[in-house]
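Inspection log for the structure reproduced underneath, given as structure tokens.
Protein chains in written order, with this note's numbering: chain A, 2 to 114; chain B, 1196 to 2079.
Have a look at this one:
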């Protein structure tokens, strides 16, 4: 995996919540969805994905149920809970503030100081 | 989280595991399908998917750990696994559990003794944490004194920080019911006794206010449950019946509850009488109105939240007021509070130092036992190296492994603790067995296993677990996956980390055993010296016995006639050289009379009152007892009621009050009467073999009559032979009289030194066990070293080493460990044997004899422990060893 596809530390949970908010998904689907909506920029490491899913489920952000996949196999589907939605909103706000602040900082020019 | 879900998680772990696996497999299949779509052949796709994903088990472990119930789950799993591992090697498990049972059991037993004898000594008594013992002190006198009844009443009236003061004074009687006569102990108590300690009689009542006043006005008694069941056959109509006690009919008003033994550490009280009956049970007349007569032992129950210091200040203030108001009797005197475990007037005091030492000893035994189990664990963890490495390789974290091993340690320690508590339970009465029986008097000296003891034992169990856990923790640090198959190099000469730990443990065991053996040796020597030290009177060839005339209801005149007649008969017996009565036998539990004295020409320091103890003795007392007279004469039959009052003083008294002048012919005032000194006796021991010389004097029994004196007989006959003859003579005078046991004075000395005996026995037994454990440890280390270095031994043999060479090689390695242990042990013993303090008698804590013997004992034990492994080394078959 290249450096560019590394996920910033602490952002995996946010990415998973966002992915799940777009519709219920199985684990593999979450991985693909993140890849897709980040236009390939982020590639979730498989080793980190499942512990994160279990952790979020444990915290009540996600809920899961068994269903049937598009090619007719039993698969576990994750869906955002109300608590997860709330958390996603908060995290999105936080992230946006942080990102704009970072952008401002990085745009600063000598004459502005 | 819904409950069903919780239960599901807790108990259906297998199913969850299964679903986890299914989920991960689905992921891999999807990935493979994905790859296939991009043109990879199916077989290659599956292979790559699997490769990318890595070990499924690895993820499963990580996923499990995110669950909140993971901790409990894995603990149960560890527990299950631990049990299975221990079950699979029963030899190891049994040995380890036995070692720990011994270590924890010894601790639990001593805890229970300390709890049951020192901290909560009185079963059924409420709020013992607020109970404190009370004694008097006198300026210039290091010993504690008893209290007087009027002082007690003043304390009761004046102290606001104390809930209640209670009086108990041990006494005895010969109880004759039907045809059986038995010596029985009881207590003289204040009327508030049962109420204050919260003990409610199961039948009848306790004493009521006012029943402790009035001279012999309330002949009432409360009897113990034991006495009720045993001697009165549980008679439900017992209340209101009468029983003769010391010649006076007492009405039984109550039966104390089962399991209540009174408030005297060591003895089980069988009856209680109110203080008003004092004169019937105590020598020395009516004392309830005499502030100078100090005879009661008392306790104070403080109000909740009051500290001992606060109560002590208040009590001391009252004592100062009494000192001012009653200078004649209270000059230089104060009153002191003691925590129960320091109570000076019962067996708490005599057992305190023994139990303190035991506490240190059992910690040593525990350490040694843990070291043994630690060594066993090390050997086993070597065998399990492969298992551990594999678990690491499939993704277990190191912490998980350590937790698994600690759990196994916990299982062992828990079994050891359970076994240990059983041991403590079985042994809770053991101390009574070590103390000599006293003529059938019921004793109560039991350990108490309550929640505090259980908590402490659990603490010990956890400490043991942690100590045991250290070993595997060190162990897993050394594990490395790559080196799984790399064999450890362990030669006879010992190398590598594990050999170092094992040797260290053995050296520690040897050191600790050495200290214990030195301690046992010092105590043994003290016991021998104390028993062989001359108490100042003959200990062999003098017998002692008592006929209780008071209990038989003799009045003074009849008692006197009886004594005269018995003495004549005894002197006429073949083999009897001489015989004499005396009120007190030295070194017995009772207390000597004491009196303020005045001596012509002696000026006492202003705030001090010269008080001296004395004994009332008959003619021929000194020749019978073998106490030499320095000058003057001994009492004769002529020193009777009609002749001039006389006294014999001891050397210390002569020196202190007459300052070197010869006191013979001088006068001494005793209880207001002037007596002429007719003799000076050599010092002897009076109350304790350990006491320092103190002033003491004797007065003739005839001039100071006491009804219940002891009979001392100088004879070469054995006590058994004498018992028969004496019983015959006593019965010839009065068929109804019972003879108390006949013992030699040596027996009396031995009984008075029983705390030493208890200490020697306990320390001896435990240091023996410690030595055995250490020897097993040494044997284990050496056997293991030999078994691990067959190659090296074979090679040496092939190169020409003779069997005797190999024997020396192994032995010298074992003895090097022992030597290191002895060096450590010597240093530790030099630093610590001083703690034996009070228990040492005429023996230096650095006594070379004891150190020398400990050295020899340890050397012999380690030679024995090393010999078998060394011999096995010489049997190594070089061809076989090199082929392997």
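Here a beta-carbon is modelled for each residue, glycine too, at the ideal position from N, C-alpha and C.
Problem - As assigned by DSSP and simplified to three states, the class of residue 1255 (chain B) - result: helix
Exercise for the section: Run the CB neighbour count on residue 1618 (chain B), radius 10 Å, all protein chains shown included, and call it buried at 16 or more, exposed below. Expected result: buried
Handout entry: Residue burial classification, residue 97 (chain A) (beta-carbon count within 10 angstroms, cutoff 16)
Key = exposed
Practice task
Starting from the Cα of residue 1328 (chain B), find the closest Cα among B:1614, B:1496 and B:2024 and give me that residue.
Solution key: B:1496
Practice task
Indicate whether residue 1761 (chain B) and residue 1924 (chain B) have their beta-carbon atoms separated by less than 8 Å.
Solution key: yes
Problem - Opposing strand residues paired with residue 1407 (chain B) [DSSP bridges] - result: Looking at the DSSP assignment, residue 1407 (chain B) forms no beta bridge with any residue, so it has no partner.
Problem - Contact under 8 Å by Cβ, residue 1951 (chain B) with residue 1891 (chain B) - result: no
Practice task
Report buried or exposed for residue 1800 (chain B), applying the criterion of at least 16 other Cβ atoms within 10 angstroms of its Cβ.
Solution key: exposed
Problem - Proximal residues, the region 74-85 of chain A versus chain B, C-beta separation under 9 Å - result: 74, 75, 76 and 77
Exercise for the section: Give every residue of the same chain whose Cβ lies closer than 7 Å to the Cβ of residue 1880 (chain B), excluding the five residues on either side of it in the sequence, and list them in chain order. Expected result: 1730, 1731, 1781, 1782 and 1886
Handout entry: Other residues of its chain near residue 1550 (chain B): CB distance less than 8 Å, five sequence neighbours each side excluded
Key = 1305, 1308, 1309, 1312 and 1313
Problem - chain A residues whose Cβ lies nearer than 7 Å to that of residue 1213 (chain B) - result: Near residue 1213 (chain B) there are no residues of chain A at all, since even the closest Cβ is about 12 Å away, more than 7 Å.
Practice task
Mind the definition here: the region 1691-1711 of chain B touches the region 2051-2058 of chain B only if three or more C-beta pairs lie below 8 Å; say whether that holds.
Solution key: yes
Exercise for the section: Say whether the region 1570-1589 of chain B touches the region 1284-1301 of chain B, bearing in mind that this needs 3 or more beta-carbon pairs closer than 8 Å, one atom from each stretch. Expected result: yes
Practice task
At 7 Å on the CB atoms, spell out the chain A contacts of residue 1218 (chain B), in chain order.
Solution key: 28 and 77
Problem - Proximity below 8 Å, CB of residue 1511 (chain B) to CB of residue 1491 (chain B) - result: no
Handout entry: residue 84 (chain A) - DSSP class collapsed to helix/strand/coil
Key = helix
Practice task
Flag this pair as yes or no: are the beta carbons of residue 93 (chain A) and residue 80 (chain A) separated by less than 8 Å?
Solution key: no
Exercise for the section: Classify residue 1908 (chain B) as helix, strand or coil using the three-state DSSP reduction. Expected result: strand
Exercise for the section: Confirm, please, whether the CB-CB distance from residue 1441 (chain B) to residue 1476 (chain B) is below 8 Å. Expected result: yes
Practice task
May I have a chain-ordered list of the alpha helix (DSSP H) segments no shorter than 4 residues that lie completely inside the region 1726-1793 of chain B?
Solution key: 1751-1767
Practice task
Please list the partners that residue 97 (chain A) has in chain B, where partner means a Cβ-to-Cβ separation under 7 Å.
Solution key: Simply none; closest approach about 28 Å.
Handout entry: Reduced DSSP category for residue 1525 (chain B) - H, G, I as helix; E, B as strand; rest coil
Key = helix
Practice task
Excluding the 5 residues preceding and the 5 following residue 2077 (chain B) in the sequence, name in chain order all residues of the same chain whose CB lies nearer than 6 Å to its CB.
Solution key: 1989
Practice task
Along the beta strand (DSSP E) that carries residue 1503 (chain B), what are the first and last residues, could you check?
Solution key: Premise fails: residue 1503 (chain B) lies in the alpha helix (DSSP H), 1503-1520, not in any beta strand (DSSP E).
Problem - When B:1662, B:1419, B:1929 and B:1562 are compared against residue 1753 (chain B), the one with the closest alpha-carbon - result: B:1929
Problem - Partners in chain A for residue 1697 (chain B), counting only beta-carbon separations shorter than 9 Å - result: Within 9 Å Cβ-Cβ: nothing; residue 1697 (chain B) doesn't reach chain A, min ~40 Å.
Problem - residue 1228 (chain B): contacting residues in chain A (beta-carbon distance under 8 Å) - result: 72
Handout entry: Cβ-based neighbour list, residue 2032 (chain B), same chain, cut-off 7 Å, excluding 5 preceding and 5 following
Key = 1548
Exercise for the section: Locate the alpha helix (DSSP H) running through residue 1959 (chain B), then write down its first and last residues. Expected result: 1949-1983
Handout entry: Residue burial classification, residue 1516 (chain B) (beta-carbon count within 10 angstroms, cutoff 16)
Key = exposed
Handout entry: Beta-carbon spacing of residue 1471 (chain B), residue 1409 (chain B) below 8 Å
Key = yes
Problem - Own chain partners of residue 2074 (chain B) with C-beta closer than 7 Å, once the 5 adjacent residues on each side are dropped - result: none
Exercise for the section: With a threshold of 7 Å, establish whether the CB of residue 1917 (chain B) neighbours any heavy atom of the ligand SAH. Expected result: Absent from the structure shown: the ligand SAH. Ligands present: none.
Practice task
Please list the residues of the region 42-67 of chain A that have a C-beta atom closer than 7 Å to any C-beta atom in chain B, keeping them in chain order.
Solution key: 47, 48, 51, 52, 55, 56 and 59
Problem - Sufficient close CB pairs (3 or more, under 8 Å) joining the region 1857-1869 of chain B to the region 1813-1824 of chain B - result: no
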